[in-house]
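What follows is a single structure, written as structure tokens, with notes after it.
Residue numbers (our numbering), protein chains in the order written: chain A, 38 to 62; chain B, 163 to 371.
Structure (structure tokens):
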């Protein structure tokens, strides 16, 4: 159920916040 | 015109010992991190500095994408507020993402990240803006009613002072109850940085490997 999701959990999944991409080719 | 002293450390890495003392990285890790920095900072203009375009390119592997979050992260890394990242800013900011960094530093950084207007609190309108941006970025479609309901529930839990905003203390309490909200504040890669970029040993000034 999306409505039971915490808004910040959703936001934290944003690609722009996932810095591991900096380490990948 | 040129400095012929080849023993001189490269720009930004003049004093890795000082950076190691002031971050969670060892000197070897600082030197390995510099290899990553060199790679990112030479992608568009090879000037030893990371501009926003290069940062975005490293993050998304494309420079076409506009991202609220990439901008926000870049601006937080850019502590000198001059639109470019030097190695010191890059290393100090990434230190917060190290698995060994204090959790309070991660809580503080994530709070600043979400406090878009830098008012010292996260307001509902900012949360909505970030949710909408995340959904747009991932191609997910949720109705406005569903989005409002998600935000309602989040504020019911987080906004314990019932003033319509989330302050630092409320943020801290929320993430301590839900540690997964800080998951993207820890990069396991940083623990293995010397094995990811082993070439640092060719330029190393220390013998602690």
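Even glycine gets a Cβ: it sits at the ideal position worked out from N, Cα and C. Note that the structure is a prediction, hence the values are computed from the model and not measured.
{"Item": "Decide if the stretch 277-293 of chain B is in contact with the stretch 212-220 of chain B; the criterion is three or more beta carbon pairs, one per stretch, under 8 Å apart.", "Value": "no"}
{"Item": "CA-CA distance, residue 186 of chain B and residue 210 of chain B?", "Value": "23 Å"}
{"Item": "Pull up the distance between the alpha-carbon of residue 392 of chain B and that of residue 368 of chain B, whole angstroms please.", "Value": "What the structure shows of chain B is the stretch from 163 to 371, and residue 392 of chain B is not part of that stretch, so it cannot be assessed."}
{"Item": "Expressed to the nearest angstrom, what Euclidean distance is found between the alpha-carbon atoms of residue 248 of chain B and residue 212 of chain B?", "Value": "7 Å"}
{"Item": "Cβ of residue 346 of chain B less than 7 Å from any chain A Cβ?", "Value": "yes"}
{"Item": "Taking 8 Å as the limit between beta carbons, can you name the residues of its chain near residue 177 of chain B, skipping five residues before and five after?", "Value": "171"}
{"Item": "Where does residue 306 of chain B sit, in a helix, a strand or coil, going by DSSP?", "Value": "helix"}
{"Item": "Whole angstroms is fine: what's the gap from residue 175 of chain B's alpha carbon to residue 193 of chain B's?", "Value": "8 Å"}
{"Item": "Quick check: what's the CA-CA separation for residue 233 of chain B versus residue 326 of chain B?", "Value": "26 Å"}
{"Item": "Are three or more beta carbon pairs between the stretch 333-347 of chain B and the stretch 262-272 of chain B nearer than 8 Å?", "Value": "yes"}
{"Item": "Does any CB atom of chain C fall closer than 7 Å to the CB of residue 296 of chain B?", "Value": "As a matter of chain content, chain C is missing from the structure shown, whose protein chains are A and B."}
{"Item": "Label residue 41 of chain A either buried or exposed according to how many other C-beta atoms from any shown protein chain fall within 10 Å of its C-beta, with 16 as the threshold for buried.", "Value": "exposed"}
{"Item": "Name, please, each residue of chain A whose Cβ falls closer than 9 Å to the Cβ of residue 206 of chain B.", "Value": "Chain A residues near residue 206 of chain B: none, gap ~15 Å exceeds 9 Å."}
{"Item": "Give the secondary structure of residue 247 of chain B by DSSP, where H, G and I count as helix, E and B as strand, and everything else as coil.", "Value": "strand"}
{"Item": "Measuring CA to CA, which of B/286, B/188, B/246 and B/224 is closest to residue 324 of chain B?", "Value": "B/286"}
{"Item": "Below 7 Å CB to CB, which residues in the same chain sit around residue 182 of chain B once its five sequence neighbours on both sides are set aside?", "Value": "188, 189 and 192"}
{"Item": "Pull up the distance between the alpha-carbon of residue 58 of chain A and that of residue 202 of chain B, whole angstroms please.", "Value": "11 Å"}
{"Item": "Between the alpha carbons of residue 371 of chain B and residue 310 of chain B, how many angstroms are there, rounded?", "Value": "Confidence is the limiting factor: at residue 371 of chain B the pLDDT is only 48, short of 50, which leaves the residue's position unreliable and the question unanswerable from this model."}
{"Item": "Counting beta carbon pairs with one atom in the stretch 239-253 of chain B and one in the stretch 302-321 of chain B, are three or more of them shorter than 8 Å?", "Value": "no"}
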